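Asks:
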Amino acid sequence: MSGRSRQTWANPSSSRTLGSNPSYVMSNLAENLGLAVLTVHLQIVVSIMIGSLIINRRRGFSIFGSRATVDDDGSSTEDYPSKIPTICGITIEVPDSSRWAHHIHSRILQKFPFLVEMFYWVVNYLFYSVTKATSQWLSPAEIGVVQVARDHGIGILNFEHHSIARFFFPIEESDFQSFFLNGHQSIMTFFNRIYSLVHIPGTVLFLGWYYYAAENHNTFAVARRTMTLGNFAAFLIFCFYPCMPPRLLPDSYGFYDTVRQEHAESVWVGGKSVNQFAAMPSLHFTYAFVIGCTFIYHSGLVHRLQGRPVRKSPFTQIFFIIMAVVYPLLVLSVIIATANHYWLDATVATFTVTICFLGNRVLLLLLPVEYCICWVLRLAKPVPTTGDRHLHKWRQSHGDVPLLAEQDSDRFSDSVV
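Counting from 1, one number per residue, gives the positions in the sequence shown under the UniProt record's numbering.
1. Considering only residues of the same chain and omitting the five flanking positions on each side of histidine 105, which have a CB-CB separation below 7 angstroms?
2. Run through the segment 125-162 for me and flag every whole beta strand (DSSP E) of 3 or more residues, listed as ranges in chain order.
3. Classify threonine 386 as helix, strand or coil using the three-state DSSP reduction.
4. Would you mind working out which of Asp96, Tyr342, Tyr195 sits nearest arginine 166, comparing C-alpha positions?
5. Can you pull the DSSP bridge partners for alanine 278?
6. Are the segment 47-62 and the segment 327-335 touching, with three or more C-beta to C-beta distances below 8 angstroms?
7. Pair every Cβ in the segment 142-159 with every Cβ in the segment 209-225, then say whether three or more of these pairs are closer than 8 angstroms.
8. Does the distance from the C-beta atom of proline 281 to that of threonine 352 stay below 8 angstroms?
9. Which one of Gly307, Ile194, Asn360 has the shortest CA to CA distance from leucine 330?
10. Buried or exposed for isoleucine 318, going by 16 or more other Cβ atoms inside 10 Å?
11. When the Cα of threonine 258 is compared with those of Leu181, Gly300, Phe235, which residue comes out closest?
12. For residue 437, is the classification buried or exposed, using 16 other Cβ atoms within 10 angstroms of its Cβ as the cut-off for buried?
13. I need the straight-line Cα distance from leucine 125 to leucine 205, nearest angstrom please.
14. Taking contact to mean at least 3 C-beta pairs separated by less than 8 angstroms, is the segment 353-360 in contact with the segment 226-237?
15. Please work out which residues of its chain come closer than 6 angstroms, Cβ to Cβ, to arginine 150, disregarding the five sequence neighbours upstream and downstream, and give them in chain order.
16. Using CA coordinates, which residue listed in Tyr120, Ser174, Phe295, Leu301 is at the minimum distance from arginine 247?
17. What did DSSP end up calling tyrosine 256 once you bin it into helix, strand or coil?
18. Taking a contact to mean a Cβ-Cβ separation below 8 angstroms, would you say valine 302 touches isoleucine 200 in this structure?
19. Rounding to the nearest angstrom, what Cα-Cα distance links phenylalanine 240 and glycine 155 in this structure?
20. How long is the line joining the alpha carbons of glycine 51 and phenylalanine 159, rounded to whole angstroms?
21. What separation, rounded to the nearest whole angstrom, lies between the Cα atoms of phenylalanine 112 and cysteine 374?
22. Label tryptophan 100 either buried or exposed according to how many other C-beta atoms from any shown protein chain fall within 10 Å of its C-beta, with 16 as the threshold for buried.
23. So, is phenylalanine 64 buried or exposed, given that buried needs 16 or more other C-beta atoms within 10 angstroms?
24. Express the C-alpha separation of lysine 381 and asparagine 192 in angstroms, rounding to a whole number.
25. Return the chain-ordered list of same chain residues with a C-beta closer than 8 angstroms to the C-beta of histidine 298, the five sequence neighbours on each side being excluded.
26. Nearer than 7 angstroms: is that true of the beta carbon of isoleucine 92 relative to any heavy atom of the ligand FAD?
27. Can you name, in chain order, every residue of its own chain whose Cβ lies under 6 angstroms from the Cβ of valine 310, other than the five neighbours on each side?
28. Report buried or exposed for glycine 183, applying the criterion of at least 16 other Cβ atoms within 10 angstroms of its Cβ.
29. Considering only C-alpha positions, which residue in the set Tyr327, Ser135, Arg107 is nearest to glycine 60?
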């Protein structure tokens, strides 16, 4: 660590709080964040979810419309043979649950297919919630997970700044944080807000928007499967490699926990289910990198490089390209300045996302499980509404001429995973 950082921000009380340091005054936005504000945070996410359900609803479909003529008990199998999807070149016979399309819960999902995405968010969260206990169980009993996580964090700092890798990490994390603590406190407050509030709500908003804006469901599914695999890769690392974030390291390393000062944290960075030793890799940057890459693709830049037509205005293309660069860089600055992650955390996240993108179709192997769950629940799989808007516009202007995106989506119409 640099001497400048330790000298400028020495903490004589060893309380690890900036409230006792008169040189650092948090703004009103970061103060007195109580239960009411935490409730507002939850309301924001719930509002985004409800908005996503409404925007992505199936238009012209009534939940309480006419019922199908199939028997309610669904005892007949002759009219509803098993589906045989081809997944990654493998042909698998699975039960066809479309016979129960008239059931009320099936019709609700057909009206609001985005509910399926919410279900998978819950599954992701359940897997995340067990990483804390798993890492504790895997850590040596004589040492404990806290010491293991601290050693890993210190090891990362030594690797970044005291090995040959230091040429790739020229700026120390403590110096980067000190820059904002010394004379740029308003920016630090802004970073705290971004870290606390944007990670979950922003990601939910992105998924809701892209479910609506993507040209077809396969395009959306690639982004979502990449993000899901990135989650699972991170969860696995959390279990076997618990890592203490810089803000929790001993005071001698020159870091300060800015997000939690004066109750500046949100519901997303506190609580018993939150794994405090999940610094490596950074899920914040995992999501930001996926979102940035998606913006690049959505801008039409890839289509242009391939010589394909781009049906977007130049302004829209430039906007998404700028956002694709700015958003990941903003998140990277936030996670380092708030001492929640190391540079290496973001580096590893970049590699895991790349690998997960290349292998995202492996999740299609779980598609038979989805069919079986639908069969057990007597639930017809909903048809995604992603791409309906593009298809409607195309048919208005071109009639029955097939749209390339429509052809692509037909090949993956069963892909919800």
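Note that the Cβ used here is the ideal one computed from N, Cα and C, for glycine as well.
Just so you know, these numbers come straight off a predicted model, no measurement behind them.
Replies: The short version:
1. Translated into positions along the sequence shown, residue 105 becomes position 105. Correct list, in chain order: Leu379.
2. none
3. Locating residue 386 in the sequence shown gives position 386, counting from the first residue. Residue state, collapsed to three classes: coil.
4. The residue given as residue 166 occupies position 166 in the sequence shown. Arginine 166 has its Cα closest to that of Tyr342, out of Asp96, Tyr342, Tyr195.
5. As a first step, residue 278 must be located in the sequence shown, where it is residue number 278. BP columns for alanine 278 point to Cys243.
6. no
7. no
8. Sequence index remark: in the sequence shown, residue 281 carries index 281 (1-based). Sequence index remark: in the sequence shown, residue 352 carries index 352 (1-based). Yes, Cβ-Cβ distance for proline 281 and threonine 352 is below 8 angstroms.
9. Along the sequence shown, read from residue 1 onward, the residue named residue 330 stands at position 330. It is Ile194 whose Cα lies nearest to the Cα of leucine 330.
10. Within the sequence shown, residue 318 is the residue found at index 318, counting from 1. Counting Cβ neighbours within 10 Å, isoleucine 318 comes out exposed, since fewer than 16 surround it.
11. Mapped onto the sequence shown, residue 258 falls at position 258. Threonine 258 has its Cα closest to that of Leu181, out of Leu181, Gly300, Phe235.
12. Residue 437 cannot be examined here, being either before or after the span of the chain that is shown, 1 to 417.
13. In the sequence shown, residue 125 corresponds to position 125, counting from 1. In the sequence shown, residue 205 corresponds to position 205, counting from 1. Per the sequence presented here, residue 125 reads as tyrosine, with leucine not at that position. Using only the alpha carbons, I get a separation of about 17 angstroms.
14. yes
15. The residue you call residue 150 lines up with position 150 of the sequence shown. Met244.
16. Position 247 of the sequence shown, counted from the start, is the residue given in the question as residue 247. For the residues Tyr120, Ser174, Phe295, Leu301, the minimum Cα distance to arginine 247 belongs to Ser174.
17. As a position in the sequence shown, residue 256 is number 256, starting the count at 1. The answer is coil: DSSP assigns tyrosine 256 none of H, G, I, E or B.
18. Taking the sequence shown and counting its residues from 1, the one referred to as residue 302 is at position 302. Taking the sequence shown and counting its residues from 1, the one referred to as residue 200 is at position 200. Cβ atoms of valine 302 and isoleucine 200: not closer than 8 angstroms.
19. One-based indexing of the sequence shown puts residue 240 at position 240. One-based indexing of the sequence shown puts residue 155 at position 155. Their backbone Cα atoms lie some 15 angstroms apart in a straight line.
20. Locating residue 51 in the sequence shown gives position 51, where the first residue counts as 1. Locating residue 159 in the sequence shown gives position 159, where the first residue counts as 1. Cα-Cα distance, rounded: 45 angstroms.
21. To locate residue 112, count along the sequence shown from 1; it is residue 112. To locate residue 374, count along the sequence shown from 1; it is residue 374. Using only the alpha carbons, I get a separation of about 16 angstroms.
22. Within the sequence shown, the letter at position 100 stands for residue 100. It is buried - the Cβ of tryptophan 100 has at least 16 other Cβ atoms within 10 Å.
23. In the sequence shown, the residue the question calls residue 64 occupies position 64. Phenylalanine 64 is exposed by the Cβ-count criterion.
24. For the purposes of this step, residue 192 is taken as residue 192 along the sequence shown, with counting starting at 1. For the purposes of this step, residue 381 is taken as residue 381 along the sequence shown, with counting starting at 1. About 41 angstroms.
25. Position 298 of the sequence shown holds residue 298. Result list for histidine 298: Tyr210, Ala213, Ala214, Phe320, in chain order.
26. With respect to the ligand FAD, the structure offers nothing, as it holds no ligand at all.
27. For this step, residue 310 is matched to residue 310 along the sequence shown. Closer than 6 angstroms at Cβ, skipping near neighbours: Gly300, His303, Arg304.
28. Mapped onto the sequence shown, residue 183 falls at position 183. So glycine 183 counts as exposed.
29. Within the sequence shown, the letter at position 60 stands for residue 60. Nearest C-alpha to glycine 60: Arg107.
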